[in-house]
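Report on the following structure.
Numbering (my numbering), first residue to last: 11 to 294.
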């Protein structure tokens with residue numbers, strides 16, 4: 011990787027984070043930093059593995075599992091969170107392994123979204139009747155990182171670091187599998203293991219960060235970052251770095267704007283990425 015690109019990308023970001031930590035609530039900065047790191051790396055994985063169909067369906071599945079876990083436990087807390095993560099990893103990994111073998115991904119996507127949306131209506135209706143403690147229905151759909159507790163901020167950071175580490179370590183193998191699965195098998199790469207890691211990482215992010223990012227924004231964060239960077243001709247690792255750095259910059263800058271305007275950062279991130287996407291497109 012170009013060392014100059016590395017320094018130019020990382021150093022200003024670290025300085026920006028340090029300044030924000032001095033003037034803004036720490037939990038807010040940690041939460042937005044986590045969103046940038048997690049979805050910057052995850053979006054790139056989705057791009058190279060061509061998992062767009064599953065990335066589109068995952069928020070719908072995550073919403074159902076999230077609400078189902080709260081119904082089972084009776085309240086929103088650590089128990090429901092861990093239960094939703096466990097169910098989510100199993101469900102999304104299983105769906106990824108089975109639907110990934112079909113040639114008609116459009117029909118698979120339609121089926122997944124249709125079924126999960128139907129289940130969501132039933133689950134949300136049941137949840138509205140029980141009105142569990144510690145949960146705001148608005149944040150599930152819209153998301154508001156400024157309402158996260160210190161514990162939730164550090165949980166989101168743990169998810170982000172896990173995602174970043176897992177994808178960085180396995181990125182080369184994931185690319186080989188995406189290009190030529192038969193060659194990957196001949197090269198003794200355990201394709202089923204890397205497939206499972208990709209699906210499990212997607213599940214952990216969509217469910218673990220659902221309350222912070224919101225159901226609506228997850229579609230933007232999972233798909234747009236890598237699409238924008240794909241318009242810039244760079245190597246594998248340079249594109250990966252730029253995707254993470256740009257997503258993190260946008261997440262942190264959205265925090266500043268949201269504080270000034272008094273609106274949720276999740277809404278600003280979506281608008282910022284649309285502007286970013288247009289700028290890159292016009293400069294091609």
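Think of the CB as a built atom: it goes at the ideal place given N, C-alpha and C, for glycine as much as any other residue.
Legend entry - Meets three-Cβ-pair contact criterion under 8 angstroms: the stretch 68-83 and the stretch 234-242: no
Inset, instruction - Kindly confirm or deny that the stretch 212-220 and the stretch 97-112 touch, where touching means at least three C-beta pairs closer than 8 angstroms. - result: yes
Legend entry - the stretch 223-239 contacting the stretch 59-70, beta-carbon criterion three pairs below 8 angstroms: yes
Legend entry - Residues of its chain near residue 249, where Cβ-Cβ distance is below 6 angstroms and the 5 sequence neighbours each way are ignored: 239
Legend entry - Cβ neighbour criterion (16 or more within 10 Å) applied to residue 85: exposed
Legend entry - As assigned by DSSP and simplified to three states, the class of residue 244: coil
Legend entry - C-alpha distance - residue 203 paired with residue 196, whole-angstrom precision: 15 angstroms
Inset, instruction - Take the Cβ of residue 40 as the centre, count every other Cβ of all protein chains shown within 10 Å, and call the residue buried at 16 or more, exposed below. - result: buried
Inset, instruction - Measure the C-alpha to C-alpha separation of residue 90 and residue 98 and round it to an integer number of angstroms. - result: 12 angstroms
Inset, instruction - Rounded to whole angstroms, what's the CA-CA distance from residue 291 to residue 228? Just pull it up for me. - result: 22 angstroms
Inset, instruction - Using beta-carbon positions only, say whether residue 253 and residue 48 come within less than 8 angstroms of one another. - result: no
Inset, instruction - Measure the C-alpha to C-alpha separation of residue 282 and residue 276 and round it to an integer number of angstroms. - result: 10 angstroms
Legend entry - Continuous alpha helix (DSSP H) assignments of at least 4 residues falling wholly in the stretch 194-242: 201-218, 220-223 and 225-239
Inset, instruction - Measure the CB-CB distance between residue 46 and residue 257 and report whether it falls below 8 angstroms. - result: yes
Inset, instruction - Taking residue 160 as part of the alpha helix (DSSP H), name the residues at either end of that continuous run. - result: 160-189
Legend entry - Nearest residue (CA-CA) to residue 70, options 247, 287 and 127: 127
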